[in-house]
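Residue 142 in UniProt numbering sits at position 142 of the sequence shown; the count goes up by one each step and never skips.
Backbone N, C-alpha and C define an ideal beta-carbon position, used for all residues, glycine too.
Notes for the one structure printed next.
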Amino acid sequence: MSTSSKVTISFSDGVERQFFALPGQNVLEAALKEDVPVLHQCRSGSCSSCLAKLVEGKADTLAGASSTLIPSEKAQGLRLLCVTEALSDCTFQLGYDSAVGTNQATEAKAFVNAIDRLADDVVRLELELAEGDWFEFRPGQFIQIKVPGTDAVRSYSMASTPADLPRIELLIRLLPGGVMSTWLLEGAKIDDVLEISGPYGQFFLKEGEKAPHIMIAGGTGLAPMMSMIDALRMRSGRKPKMLLSFGCQTQGSLFHLDAIELRQQWLPQLDVQLSVDRGPAPSGVRVGNPVEVIGASEPLDPDSVAYLCGPPGMIDAARRHLEQLGLASENIFAEQFVASQ
1 MSTSSKVTIS FSDGVERQFF ALPGQNVLEA ALKEDVPVLH QCRSGSCSSC LAKLVEGKAD
61 TLAGASSTLI PSEKAQGLRL LCVTEALSDC TFQLGYDSAV GTNQATEAKA FVNAIDRLAD
121 DVVRLELELA EGDWFEFRPG QFIQIKVPGT DAVRSYSMAS TPADLPRIEL LIRLLPGGVM
181 STWLLEGAKI DDVLEISGPY GQFFLKEGEK APHIMIAGGT GLAPMMSMID ALRMRSGRKP
241 KMLLSFGCQT QGSLFHLDAI ELRQQWLPQL DVQLSVDRGP APSGVRVGNP VEVIGASEPL
301 DPDSVAYLCG PPGMIDAARR HLEQLGLASE NIFAEQFVAS Q
C-alpha cells in the first residue's frame, strides 16, 4: 500500500508550511493544492522558477521527467519541485520569503518602443506597458513574450529596473532560424503590440545585502546584472562593493560596453572585468572565460554574495570555482540561459 510523504517548505523569513505528497506526485503540485506560495512557471523542469534545496529526507526527479539542473547543483541538494518526487518525509528550503510567492504573474500588453542591434548576435528590445497595464518585479526576474504570428512563447530577463516602469528593456540573443529572432529581424516594427506576462523566477537581488556582490555573466546573461547594478545604484545609503565579470564568445559578440562604462562612472564601487573566449581581443578585454578572473588578483571575501547568469557550462564552472575559493553554496544564486529556437 502506498503512503504519502510529509513535505516541509521553509521560507527565508522563517515561515514553514507542511503538506503531504503522494507517490508519483510532483512536490509543486502537492504544494499548490494546499495554497503554499511557491514560485513556479513552466511546470516542466525547464525554467528553474521552482528551485529549492533539499535539506532533509530523500527526493529525486520523477521517472521520465527531465531537469535543467547540472550535476553539481543536484549534488548540493538543489531540486526543481515541478519534476521532483518526495521519496520520504523531507524538507525543502527556499531562497525567498513567504510573501514573494503570493505575487502572481500578470498578463499585459506592451508596445515596441525601440529595436537596436547591439552586436552580431544581440538585439536590445525596449517595450512600454500599455496604459492601464502594470506589474511589479524584482531586479533579476524575467517575463514571457508571445512571438507575434506564432504560438511560441519566449522568456527574457529584464535589463531595466522596477523604477523604469512602464518602460521595459530586454537583451535578446539572435539565433539562426529562431522564431523570435526571425520576427525581430524581419517583422518587428515600432508600436507593434506584444502579449507579455510576468514576472517570473526566484533569481533576483536580495534586499538589504551589504556584503560584496559578485556578478558573473555570459552573453545576454548580462541583462539581469544590469538591472541589479542599477537597482543597487539607486538604493539609499552605503553601496556594496561590486564586481561584474562579463564574457562573450568573440570580439564581435561583445555589447553594451558603453552602458557598462557609464555605470562605472556612476559607481566607484563597481569593478568590471571583460573577456572573450577567443581572440583577438580589444584593449581592456582579456582572452579567457569570465570565471577565471574571480579571486585572481585579491582574496575573495567569504561573506560575498554571487549572482551567475549564462549558459549551463559557465554556471557549473562558476559554482565550483566560487566554492573552492570559500564561498558558501547558499550565497550563490544562478539563472541558466538555455537557447530556444
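**Message:** Give me, in chain order, the residues of the same chain whose beta-carbon lies closer than 6 Å to that of Leu170; leave out the 5 immediate sequence neighbours on both sides.
**Reply:** Leu125 and Tyr156
**For Cys248: DSSP bridge partner residues** = Val276
**Asked** How is Gly101 classed by DSSP in three states: helix, strand or coil?
**Response** DSSP, read as helix, strand or coil, puts Gly101 in helix.
**Rounded C-alpha distance that separates Glu85 from Ala99** = Between the C-alpha atoms of Glu85 and Ala99 there is a straight-line separation of about 25 Å.
**Item:** Classification of Trp266 by the beta-carbon crowding that lies within 10 angstroms, buried from 16 upward
**Value:** exposed
**Prompt:** If we ignore side chains and look at the alpha-carbon of each, how far apart do Thr250 and Pro290 end up?
**Reply:** 13 Å
**Request:** Could you spell out the range, first to last residue, of the beta strand (DSSP E) harbouring Val293?
**Result:** Per DSSP, Val293 belongs to no beta strand (DSSP E) and is neither H nor E.
**Validate contact between the segment 175-191 and the segment 73-90 using beta carbons, cut 8 Å, 3 pairs** = no
**Asked** Is the distance from the Cβ of Phe246 to the Cβ of Ala119 below 8 Å?
**Response** no
**Straight-line Cα distance separating Arg263 from Glu29** = 42 Å
**Asked** In whole angstroms, what separates the C-alpha of Trp134 from that of Val179?
**Response** If I take the Cα positions, the gap works out to 26 Å.
**Asked** By DSSP, does Ala328 sit in helix, in strand, or in coil?
**Response** coil
**Prompt:** Going by C-alpha distance, which of Ile143, Val153, Lys189 and Leu257 is nearest Phe204?
**Reply:** Nearest C-alpha to Phe204: Ile143.
**Asked** Between which two residues does the beta strand (DSSP E) containing Lys206 stretch?
**Response** Counting along the chain, Lys206 falls outside any beta strand (DSSP E), and DSSP gives it neither H nor E.
**Message:** Only counting the same chain, and skipping five residues up and downstream in sequence, which positions put a Cβ closer than 7 Å to that of residue 343?
**Reply:** Outside the modelled stretch of the chain, which goes from 1 to 341, sits residue 343, for which no answer is possible.
**Prompt:** What residues in its chain sit with their C-beta under 8 Å from that of Asp303, if we drop five residues either side in the sequence?
**Reply:** For Asp303, the CB contacts under 8 Å within the same chain, skipping 5 residues up- and downstream, are Ala211, Pro212 and Asn331 in chain order.
**Item:** Candidates Met225, Val153 and Phe92: closest to Ser159 by CA position
**Value:** Looking at the sequence shown, residue 159 is not Ser but Ala. Taking only the C-alpha atoms, the option nearest Ala159 is Met225.
**Request:** Report all residues from its chain with a CB closer than 6 Å to the CB of Met1; omit the five preceding and five following residues, and keep chain order.
**Result:** Residue placement at Met1 is flagged as unreliable, the pLDDT there being 42, under the threshold of 50; a coordinate-derived value is accordingly withheld.
**Message:** By DSSP's criteria, Phe111 is part of a beta bridge. Which residues make up the other side?
**Reply:** Glu128 and Val193
**Nonlocal neighbours in the same chain, by C-beta distance under 6 Å from Val293, ignoring five residues either side** = Ser245 and Gln273
**Message:** What would DSSP say about Ile315, mapped onto helix, strand or coil?
**Reply:** helix
**Item:** Close Cβ partners of Leu80 (< 7 Å) along its chain, the five nearest in sequence each way excluded
**Value:** Gly45, Ser48, Cys50, Leu51, Ser67 and Leu69
**Asked** Taking C-beta to C-beta, are Val7 and Val38 nearer than 8 Å?
**Response** By the CB criterion at 8 Å, Val7 and Val38 fall outside the cutoff.
**Item:** beta strand (DSSP E) segments (min. 3 residues) lying fully within the UniProt domain "2Fe-2S ferredoxin-type" (5-98)
**Value:** 5-10, 16-21, 51-56, 59-61, 78-80, 84-86 and 90-93
**Message:** Can you give me the C-alpha to C-alpha distance between Ala65 and Cys90, rounded to a whole angstrom?
**Reply:** 20 Å
**Message:** Quick check on the DSSP output: what are the complete beta strand (DSSP E) runs of length 3 or more inside the segment 128-193, in order along the chain?
**Reply:** 142-146, 153-157 and 167-173
**Item:** Member of Ala75, Gly101 and His321 whose CA lies at the smallest distance from the CA of Pro199
**Value:** Scanning Ala75, Gly101 and His321 for the CA closest to the CA of Pro199 turns up Gly101.
**Message:** Tell me the DSSP secondary structure of Glu335 in three-state form.
**Reply:** strand
**Prompt:** Are the beta-carbon atoms belonging to Leu308 and Ala334 less than 8 Å from one another?
**Reply:** A contact, by the Cβ cut-off of 8 Å.
**Proximity to Phe137 [Cα-Cα], best of Asn103, Val153, Leu127 and Arg154** = Asn103
**Request:** Can you say whether Arg238 is buried or exposed, counting buried as having 16 or more other CB atoms within 10 angstroms of its CB?
**Result:** exposed
**Request:** List the endpoints of the continuous alpha helix (DSSP H) containing Arg263.
**Result:** In this chain, the alpha helix (DSSP H) harbouring Arg263 covers Leu257 to Trp266.
**Asked** Under the rule that 16 or more other beta-carbon atoms within 10 Å means buried, what is Ile190, buried or exposed?
**Response** exposed
**Message:** Need the endpoints of the beta strand (DSSP E) that Arg286 sits in, please.
**Reply:** First-last of the beta strand (DSSP E) with Arg286: Val285 to Val287.
**Item:** Nonlocal neighbours in the same chain, by C-beta distance under 7 Å from Ala163, ignoring five residues either side
**Value:** Exclusion of the five residues before and after Ala163 leaves Met234 as the residues of its chain whose Cβ lies within less than 7 Å of its Cβ.
**Message:** Rounded to whole angstroms, what is the Cα-Cα separation between Leu129 and Ala317?
**Reply:** Cα to Cα, the separation comes out at about 37 Å.
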